[in-house]
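Chains as they are written, first to last, in this note's numbering: chain E, 43 to 408; chain F, 43 to 408.
Everything below concerns the one structure shown next.
Protein chains: 2
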Amino acid sequence: MSRGPQLVPGDTIGVVGAGQLGRMLALAAARLGLRTHVFAPESGPAFDVCAERTIAGYEDASALAAFAAKCAVVTYEFENIPAASAEVLAAAAPVRPGPRALAVSQDRLTEKRFLQSLGIRTAPFYQVDDARSLAQAQTELGSPAILKTRRFGYDGKGQATIREGDDPAAVLHGIGDRPAILEGRVPFSREISVVAARGLSGEFAAFDICENEHDNHILARTRAPARIGAAAARRSVEIARTIGDALDYVGVLTVELFVVEEPGEGETIESLLVNEIAPRVHNSGHWTIDAALTSQFEQHVRAICGWPLGSTGRLGEVEMRNILGSDAQNWRELLHEPGACLHLYGKREARAGRKMGHVTRVKPAG
Amino acid sequence: MSRGPQLVPGDTIGVVGAGQLGRMLALAAARLGLRTHVFAPESGPAFDVCAERTIAGYEDASALAAFAAKCAVVTYEFENIPAASAEVLAAAAPVRPGPRALAVSQDRLTEKRFLQSLGIRTAPFYQVDDARSLAQAQTELGSPAILKTRRFGYDGKGQATIREGDDPAAVLHGIGDRPAILEGRVPFSREISVVAARGLSGEFAAFDICENEHDNHILARTRAPARIGAAAARRSVEIARTIGDALDYVGVLTVELFVVEEPGEGETIESLLVNEIAPRVHNSGHWTIDAALTSQFEQHVRAICGWPLGSTGRLGEVEMRNILGSDAQNWRELLHEPGACLHLYGKREARAGRKMGHVTRVKPAG
Numbered sequence: 043m044s045r046g047p048q049l050v051p052g053d054t055i056g057v058v059g060a061g062q063l064g065r066m067l068a069l070a071a072a073r074l075g076l077r078t079h080v081f082a083p084e085s086g087p088a089f090d091v092c093a094e095r096t097i098a099g100y101e102d103a104s105a106l107a108a109f110a111a112k113c114a115v116v117t118y119e120f121e122n123i124p125a126a127s128a129e130v131l132a133a134a135a136p137v138r139p140g141p142r143a144l145a146v147s148q149d150r151l152t153e154k155r156f157l158q159s160l161g162i163r164t165a166p167f168y169q170v171d172d173a174r175s176l177a178q179a180q181t182e183l184g185s186p187a188i189l190k191t192r193r194f195g196y197d198g199k200g201q202a203t204i205r206e207g208d209d210p211a212a213v214l215h216g217i218g219d220r221p222a223i224l225e226g227r228v229p230f231s232r233e234i235s236v237v238a239a240r241g242l243s244g245e246f247a248a249f250d251i252c253e254n255e256h257d258n259h260i261l262a263r264t265r266a267p268a269r270i271g272a273a274a275a276r277r278s279v280e281i282a283r284t285i286g287d288a289l290d291y292v293g294v295l296t297v298e299l300f301v302v303e304e305p306g307e308g309e310t311i312e313s314l315l316v317n318e319i320a321p322r323v324h325n326s327g328h329w330t331i332d333a334a335l336t337s338q339f340e341q342h343v344r345a346i347c348g349w350p351l352g353s354t355g356r357l358g359e360v361e362m363r364n365i366l367g368s369d370a371q372n373w374r375e376l377l378h379e380p381g382a383c384l385h386l387y388g389k390r391e392a393r394a395g396r397k398m399g400h401v402t403r404v405k406p407a408g
Numbered sequence: 043m044s045r046g047p048q049l050v051p052g053d054t055i056g057v058v059g060a061g062q063l064g065r066m067l068a069l070a071a072a073r074l075g076l077r078t079h080v081f082a083p084e085s086g087p088a089f090d091v092c093a094e095r096t097i098a099g100y101e102d103a104s105a106l107a108a109f110a111a112k113c114a115v116v117t118y119e120f121e122n123i124p125a126a127s128a129e130v131l132a133a134a135a136p137v138r139p140g141p142r143a144l145a146v147s148q149d150r151l152t153e154k155r156f157l158q159s160l161g162i163r164t165a166p167f168y169q170v171d172d173a174r175s176l177a178q179a180q181t182e183l184g185s186p187a188i189l190k191t192r193r194f195g196y197d198g199k200g201q202a203t204i205r206e207g208d209d210p211a212a213v214l215h216g217i218g219d220r221p222a223i224l225e226g227r228v229p230f231s232r233e234i235s236v237v238a239a240r241g242l243s244g245e246f247a248a249f250d251i252c253e254n255e256h257d258n259h260i261l262a263r264t265r266a267p268a269r270i271g272a273a274a275a276r277r278s279v280e281i282a283r284t285i286g287d288a289l290d291y292v293g294v295l296t297v298e299l300f301v302v303e304e305p306g307e308g309e310t311i312e313s314l315l316v317n318e319i320a321p322r323v324h325n326s327g328h329w330t331i332d333a334a335l336t337s338q339f340e341q342h343v344r345a346i347c348g349w350p351l352g353s354t355g356r357l358g359e360v361e362m363r364n365i366l367g368s369d370a371q372n373w374r375e376l377l378h379e380p381g382a383c384l385h386l387y388g389k390r391e392a393r394a395g396r397k398m399g400h401v402t403r404v405k406p407a408g
């Protein structure tokens with residue numbers, strides 16, 4: 043096994059988390075001759091495609107240490123690894139992206155303050171620790187506003203809207219009385235994301251900007267390229283690059299942004315506000331598997347291995363749709379559709395809203 | 043697990059053989075939400091990407107039966123499974139392609155007679171059982187001619203050229219004194235292959251014809267489309283279809299052909315002779331991973347699952363080169379090359395001539 047900062051084919055990548063992102067990372071790693079060792083508290087989609095598996099809790103220090111000791115690099119498919127666990131991993135193997143990316147992105151308050159420190163705009167927000175600070179934040183921001191737990195929120199979990207006249211204590215109780223932030227509503231015209239990679243020596247490459255539509259807070263549809271102007275696209279990439287540089291980031295980084303149309307001199311200006319940072323491959327980048335010269339998963343593998351980044355060229359106009367819950371029953375129709383690229387994650391139980399797979403459709407360029 | 047002729051996502055595909063073809067089949071199956079169980083006498087590249095593994099000999103009837111009992115369908119990555127083993131598998135699960143495809147393709151004499159029975163041209167050949175029949179065959183075919191064992195030959199193994207004045211007994215001894223055929227040399231201008239699929243209900247789809255170059259009997263380079271005329275391309279596909287129909291074939295089938303330029307009335311005619319049949323995905327079809335709407339591996343999975351075949355559309359002019367032996371050391375340069383799609387098989391030891399990976403380069407159409 044290689045022990046320098048760069049891996050060689052045959053080396054083992056450790057992936058923390060066994061969901062579909064881990065699964066697609068393992069598939070991309072395999073293509074490049076790498077082995078994958080997946081660590082998770084229970085079996086999941088990634089377990090079916092990896093060379094080695096560890097079943098243990100995310101706070102099991104000895105299991106984490108034993109796992110990392112067998113890996114040439116450790117990465118993760120989600121950002122909620124406890125900081126102490128990241129330290130245990132980092133003592134035994136390089137962890138990429140590094141612990142700072144985790145620390146920043148797993149706490150909405152830390153993340154927003156970090157963005158402010160870089161001069162990057164976000165939605166207006168206030169720290170909420172109790173009903174009193176919530177009431178005060180509501181007075182400042184107006185109604186409606188969105189209450190979000192600082193930690194462990196995803197796909198709309200840990201969020202609630204607070205309206206004029208609502209009882210702050212009750213709304214706070216609804217999200218588990220946990221430390222939170224209150225965010226002002228942003229009158230955005232589009233939601234977009236930048237999926238980009240930063241290599242070990244600081245090189246940077248972004249895929250074309252993704253335009254995202256959510257249903258019930260869950261990503262439903264991504265199209266690439268996003269229908270935004272060239273200036274906004276350029277600034278979005280610059281924002282991602284600024285964040286990546288500030289975190290000395292290694293791997294694929296996703297930045298979700300709101301596009302707000304504001305009147306300018308004789309033309310509309312597309313302002314950009316960062317919604318959140320995901321220190322990982324991202325659902326809005328799944329289209330790259332079928333429609334980019336390098337997939338986001340291969341790109342992440344290249345970056346964390348200390349290898350050169352691949353070309354981010356796009357093969358055509360792309361639409362990716364998530365397959366949620368019982369929609370997975372339509373797999374046969376999708377297999378019949380010429381040119382539809384079907385991806386299923388091997389999940390047994392199709393619970394409502396669960397991401398079961400996705401389908402990509404590419405309209406070739408030219 | 044589904045028990046009808048058609049599989050459903052979540053089912054397990056059994057793959058006999060753990061080489062790179064099994065590995066790429068497992069990766070394609072995973073994309074469609076299927077699990078893979080690999081059976082092989084020893085660990086190999088496919089073991090790193092499958093859900094379950096069985097290590098046992100290809101003649102271990104009880105291990106084969108236990109393996110097949112856990113699979114919704116069984117397929118294989120090579121054609122040298124003993125007939126008795128195929129029967130054991132078939133008693134417990136559908137085996138696709140079926141045992142007849144194995145029987146025909148694992149014996150060069152049976153294969154050539156089968157082709158003759160369909161009116162398909164091959165190189166001239168004679169059965170060789172001993173030095174006497176070899177001497178007689180040499181008299182008929184002239185020199186030089188090629189002696190090939192009937193069974194277990196691949197990548198030039200089990201072959202010898204016999205020249206004027208050679209001692210037949212010595213040449214036969216050189217290939218192990220095994221039952222053989224003597225083939226007349228064919229003055230071909232090109233070697234091509236048809237990689238095609240036949241579905242459970244007889245539907246048929248061929249990828250564009252591949253043009254192949256060998257070094258030391260090992261495939262070095264494939265380009266698609268082959269530089270042959272439209273008529274020859276059409277007839278090649280018809281030959282593959284005739285073979286598939288005659289075998290009631292299910293899965294991807296590869297037919298290797300020689301193109302011989304013969305003078306016609308005012309123009310050259312491209313005659314076609316079948317060299318051999320491979321009842322499986324094939325090295326010359328690896329380009330489809332990066333440059334066809336459906337890869338040969340996904341196509342094989344679709345066919346053996348009883349699912350509709352995918353589109354065989356090609357994305358551009360393609361060249362695939364095998365990475366053999368120590369050439370694998372050049373992996374870093376290939377990662378640096380924009381648009382080069384690198385595939386490595388995870389093999390540890392880079393023995394001379396060993397297939398370590400391949401690289402595909404696509405020049406987009408238009």
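Glycine residues also receive a C-beta, built at the ideal position from the N, C-alpha and C atoms.
For clarity, every value in this text was computed on a predicted model and none was experimentally measured.
With a 10 Å radius around the Cβ and a threshold of 16 neighbouring Cβ atoms, T336 of chain F comes out buried. In this structure, the CA atom of C252 of chain E is about 43 Å from the CA atom of S278 of chain F. Here I162 of chain E carries a coil assignment [DSSP, helix/strand/coil].
Among the residues of chain F, those whose CB is under 8 Å from the CB of S353 of chain E are P380, G381, following chain order. The beta carbons of I217 of chain F and L183 of chain F sit about 17 Å from each other, so the pair does not count as a contact at 8 Å. In this structure, Q62 of chain F lies away from K405 of chain F, with their beta-carbon atoms at least 9 Å apart. Distances from the alpha-carbon of A262 of chain F to those of F:E391, F:T402, F:E303 put F:T402 closest. Nearest to K397 of chain F by C-alpha distance, out of F:C383, F:I260, F:N254, F:F339, is F:I260. Under the Cβ distance rule, G388 of chain E counts among the residues neighbouring chain F, one pair being separated by less than 9 Å.
Interface flag for F81 of chain E against chain F is unset, since no Cβ pair is found closer than 9 Å. Contact between P210 of chain E and A173 of chain E holds, since their C-beta atoms are separated by about 4 Å, short of 8 Å. By the C-beta density criterion, I311 of chain F is exposed, having fewer than 16 other C-beta atoms within 10 angstroms. Y168 of chain F is bridged by DSSP to F:L224. When Cβ-Cβ separations below 9 Å define contact, P47 of chain F makes no contact with chain E. Around the Cβ of R393 of chain E, a 10 Å sphere holds fewer than 16 other Cβ atoms; the residue is exposed.
Under the 9 Å criterion on CB atoms, W349 of chain E is classed as interfacial with respect to chain F. D257 of chain F carries a strand assignment under DSSP once its states are collapsed to helix, strand and coil. Contact with chain F is found for V91 of chain E, since one of that chain's Cβ atoms lies less than 9 Å from the residue's Cβ. Residues of chain E with a Cβ closer than 7 Å to the Cβ of H385 of chain F are, in chain order, R73. Under the Cβ distance rule, R344 of chain E counts among the residues neighbouring chain F, one pair being separated by less than 9 Å. Counting only residues of its own chain and dropping the five nearest sequence neighbours on each side, A333 of chain F has a CB closer than 8 Å to the CB of A266, R356, L357, G358, V360, T402, V404.
A straight line joining the alpha-carbon of F230 of chain E with that of E318 of chain E spans about 14 Å.
Distance between V301 of chain F and V213 of chain F, taken at the CA atoms: about 28 Å.
Around the beta carbon of A239 of chain E, a 10 Å sphere encloses 16 or more other beta carbons of the protein chains shown; the residue is thus reported as buried. One finds P51 in chain F with Cβ atoms closer than 7 Å to the Cβ of W373 of chain E, taken in chain order.
Listed in chain order, the non-local C-beta contacts of G75 of chain F below 8 Å within the same chain comprise P51, G52, local neighbours out to five positions each way being set aside. DSSP lists E:V297 as the beta-bridge partner residues of I319 of chain E. G216 of chain E sits in a helix when the DSSP states are folded into three classes. Residue environment for A273 of chain F: exposed (fewer than 16 other C-beta atoms within 10 angstroms of its C-beta). For S313 of chain E, DSSP records a beta bridge to E:V302. Non-local beta-carbon contacts of L315 of chain F in its own chain, meaning distances under 8 Å to residues more than five positions away in sequence, involve R163, T164, A165, V228, F230, L299, F300, V302 in chain order. In the DSSP assignment, L386 of chain F falls within the unbroken beta strand (DSSP E) covering 382–386.
Taking a Cβ-Cβ threshold of 7 Å, none of the residues of chain E is close to G59 of chain F; the smallest such distance is about 17 Å. In the structure shown, the three-state DSSP call for R344 of chain F is helix. Between V91 of chain E and L289 of chain E a beta carbon distance of about 29 Å is seen, past the 8 Å cut, so the two are scored as non-contacting.
Against chain E, a Cβ distance below 8 Å from R77 of chain F picks out D90, G388.
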